[in-house]
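A.B. asks:
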Amino acid sequence: MSLVPFVFQNSKSGKKEPFQPKDPTNVTIYSCGPTVYNFAHIGNIRSFLFVDILRRSLLLGGYKLNQSMNITDIDDKIINESIKQKMSVEEFTKPWTEAFFKDLETVHIQKLEHYPKATESIEDMVGLVETLQKNGLVYEKDGNLYFSIQKFSRYGELSKIDVSGMKSGVRYDADEYEKDDVRDFVLWKNQKTEEEKCWHTRIGSGRPGWHLECSAMIRKVYGSGVDIHTGGIDLLFPHHENEAAQSHGAFPEEEFVGTWLHCEHLLVDGEKMSKSKGNFYTLRDILEKGYDPNAIRYHLISAHYRSKLNFSLNKLEESKTAMERIQNTIYRVLDAGELWTKVPEILEIFEFSNQELQKVNSEFMNSLGDDLNVPRALASVFELVRIVNQVLDGGGSTANPTFLKESLQLFYKINELFAVFQFEKQVQSLDGISEDWILDQINQRKIAKQNKDFSTADKIRKELEEKGILLADTKEGNTTWKKAQ
Ligand code: AMP
Ligand code: ZN
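Okay, so the sequence shown: first residue is 1 according to UniProt numbering, each after it adds one.
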């Protein structure tokens with residue numbers, strides 16, 4: 001299979017660049033993963049879904065992947081909380097790590113090849129610090145080891161941060177930082193109190209700084225740098241700048257990362273969703289409100305990864321309606337082509353003789369290849385929905401078996417990315433009623449209600465009910481529909 005070309009907006013150059021992995025049959029990708037001290041919020045989930053979209057797009061493009069996401073199970077918050085709860089770090093982080101994997105499953109995020117943990121990579125971190133020491137980039141103060149930024153001329157290369165205003169000898173000890181404030185950062189922290197978790201190593205008894213963890217885990221998994229490194233935009237500085245400084249400082253001849261990709265934030269009322277601000281929803285919060293995990297996935301991936309996305313339940317409802325529109329067309333195809341029973345055998349073939357389907361397919365793939373442009377890819381999915389519905393509404397000669405089979409295959413291929421659509425007969429089909437007709441009826445009812453013509457509104461609802469279509473009005477004023485069981 002030939003490879004689909006990709007371009008990515010590389011944070012290193014600030015430009016879109018052709019993607020040229022060293023080996024397309026072993027593309028190496030590292031993503032900063034969760035700090036496991038609590039449930040992830042859906043902002044975090046958005047960044048994990050971005051990794052999934054990257055994965056699924058490259059797989060559809062014919063690449064073979066070797067991907068990692070780390071589990072940050074050593075961090076100031078983890079150490080403090082575990083002391084408070086009188087637990088070991090391992091006991092404290094275990095349920096949160098499990099909750100993280102459960103969340104990934106809920107929103108259909110594919111399993112990666114590696115999930116390295118900080119607690120299992122201490123030796124690699126110690127080795128990296130020793131190499132940095134040999135290269136003269138480390139100094140000690142009060143038992144802690146720091147990376148000396150002034151001794152490293154490439155500092156600022158990734159984030160373009162200005163280091164000229166840096167005050168000499170000013171350091172960061174904590175894992176949390178003030179934005180844009182350049183300081184020497186801690187590589188290794190010595191143990192301050194007896195109860196603090198510590199590792200007895202060649203560089204002292206203590207624990208690693210957060211940035212060191214990722215640099216060391218990348219080296220542990222891949223033995224060198226990676227083709228792609230991802231994270232939320234908040235990680236660009238200082239976390240990724242410091243990771244790059246450590247890795248280039250230790251191995252100046254090697255390229256640490258080919259392409260840096262950063263995903264924008266999920267916002268609430270214009271502000272970044274975050275634990276510290278308290279303006280967050282966990283996945284569980286939203287599921288408890290009765291929302292379908294597929295709708296959450298669809299909603300969070302449908303915006304471009306480099307656009308901010310303002311979250312609201314109203315917008316989530318709208319996404320659900322859009323998703324159902326695609327699903328209903330899939331059901332119509334399954335019905336019209338009598339394809340239900342044949343589904344498993346026919347779906348994996350991605351070749352299209354029909355020209356309109358070919359066009360949708362190439363537009364879909366080109367959109368993904370263009371820096372993972374999911375909104376554009378989605379526009380081609382709706383074009384497919386339009387084409388198919390038009391053919392089915394017209395019935396007769398155009399709805400031939402080959403067309404129906406191929407359109408189903410194309411929907412199936414599209415679902416390799418979206419992973420929210422059903423191809424099995426779990427829900428009853430629409431018995432030839434068109435989705436557009438239902439939406440039109442819903443719209444007519446809405447207009448009738450706006451005109452206070454409640455008898456017409458009730459009549460429309462009744463007529464739909466007689467055809468087995470049930471309407472539900474949401475608090476936000478939208479109307480959803482489903483087939484009666
Ligand atoms: P953490 O568990 O805090 O280490 O974060 C895990 C990932 O979630 C990181 O890549 C963060 O950059 C990302 N992240 C945190 N908040 C948001 C948000 N509001 N929207 C999108 N990504 C976020
Ligand atoms: Zn990281």
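Cβ atoms here follow ideal geometry from the backbone N, Cα and C, with glycine treated the same way. Owing to the predicted nature of the structure, the values given are computational and were not obtained by experimental measurement.
Residues in its own chain within less than 7 Å of residue 52 by CB, not counting five upstream and five downstream?
C.D. replies: 109 and 110
A.B. asks: In the DSSP assignment, find the unbroken beta strand (DSSP E) run with residue 4 in it and report its ends.
C.D. replies: Run containing residue 4: none; DSSP gives neither H nor E here.
A.B. asks: Heavy atom of ligand 1 less than 7 Å from the Cβ of residue 214, yes or no?
C.D. replies: no
A.B. asks: Please classify residue 228 as buried or exposed, where buried requires at least 16 other C-beta atoms within 10 Å of its C-beta.
C.D. replies: Residue environment analysis places residue 228 among the buried positions, since at least 16 neighbouring C-beta atoms fall within 10 angstroms of its C-beta.
A.B. asks: Could you tell me if the beta carbon of residue 54 falls within a distance shorter than 7 Å of some heavy atom in ligand 1?
C.D. replies: Residue 54 Cβ: outside cutoff for every heavy atom of ligand 1.
A.B. asks: Which partner residues does residue 231 have in the DSSP bridge list?
C.D. replies: Note: residue 231 is bridge-paired with 262 in the DSSP secondary-structure output.
A.B. asks: Tell me which residues share the same chain as residue 293 and place their Cβ nearer than 6 Å to its Cβ, disregarding the 5 neighbours each side in the sequence.
C.D. replies: Around residue 293, the same chain offers 106 and 107 as residues with beta carbons nearer than 6 Å, after the five sequence neighbours per side are excluded.
A.B. asks: Using a Cβ cut-off of 8 Å (strictly closer), state whether residue 23 contacts chain C.
C.D. replies: Given the protein chain composition of this structure (a single chain), no chain C is represented.
A.B. asks: Is it true that the CB of residue 66 sits closer than 8 Å to the CB of residue 214?
C.D. replies: Inclusion of residue 214 and residue 66 in the CB contact set at 8 Å is not warranted, their separation being larger than that value.
A.B. asks: Give me the Cα-Cα distance between residue 182 and residue 165, rounded to the nearest whole angstrom.
C.D. replies: 8 Å
A.B. asks: With DSSP as the reference, label residue 289 as helix, strand or coil.
C.D. replies: In the structure shown, residue 289 falls within a coil segment according to DSSP collapsed to helix, strand and coil.
A.B. asks: Which of helix, strand or coil does DSSP assign to residue 97?
C.D. replies: Note: residue 97 maps to helix in three-state DSSP.
A.B. asks: Got a sec: does ligand 2 put a non-hydrogen atom nearer than 7 Å to the Cβ of residue 225?
C.D. replies: no
A.B. asks: From residue 246 to residue 273, what distance separates their C-alpha atoms?
C.D. replies: 29 Å
A.B. asks: Could you pull the DSSP bridge partners for residue 26 from this structure?
C.D. replies: BP columns for residue 26 are empty, so no partner.
A.B. asks: Which partner residues of residue 268 appear in the DSSP bridge assignment?
C.D. replies: 271
A.B. asks: Hey, residue 2 and residue 62: beta-carbon distance below 8 Å or not?
C.D. replies: Yes.
A.B. asks: Consult DSSP for residue 442 and reduce its assignment to one of helix, strand or coil.
C.D. replies: helix
A.B. asks: Where in the region 127-181 do unbroken runs of the beta strand (DSSP E), each at least 3 residues long, occur, reported from the N-terminal end onward?
C.D. replies: 138-141 and 144-147
A.B. asks: Since residue 43 contacts residue 265 with CB under 8 Å, what's their CB separation in whole angstroms?
C.D. replies: 6 Å
A.B. asks: Could you check which residue in 474, 464, 473 and 477 has the C-alpha nearest to that of residue 483?
C.D. replies: 464
A.B. asks: Which same chain residues end up closer than 7 Å to residue 329 when comparing Cβ atoms and leaving out the 5 residues on each side of it in sequence?
C.D. replies: If we look at residue 329 and ignore the five residues flanking it on each side, its Cβ neighbours are 385, 388, 389 and 435.
A.B. asks: Which residue's Cα is closest to the Cα of residue 47: 445, 481, 411 and 307?
C.D. replies: 307
A.B. asks: Is the separation between the beta-carbon of residue 119 and that of residue 161 shorter than 8 Å?
C.D. replies: no
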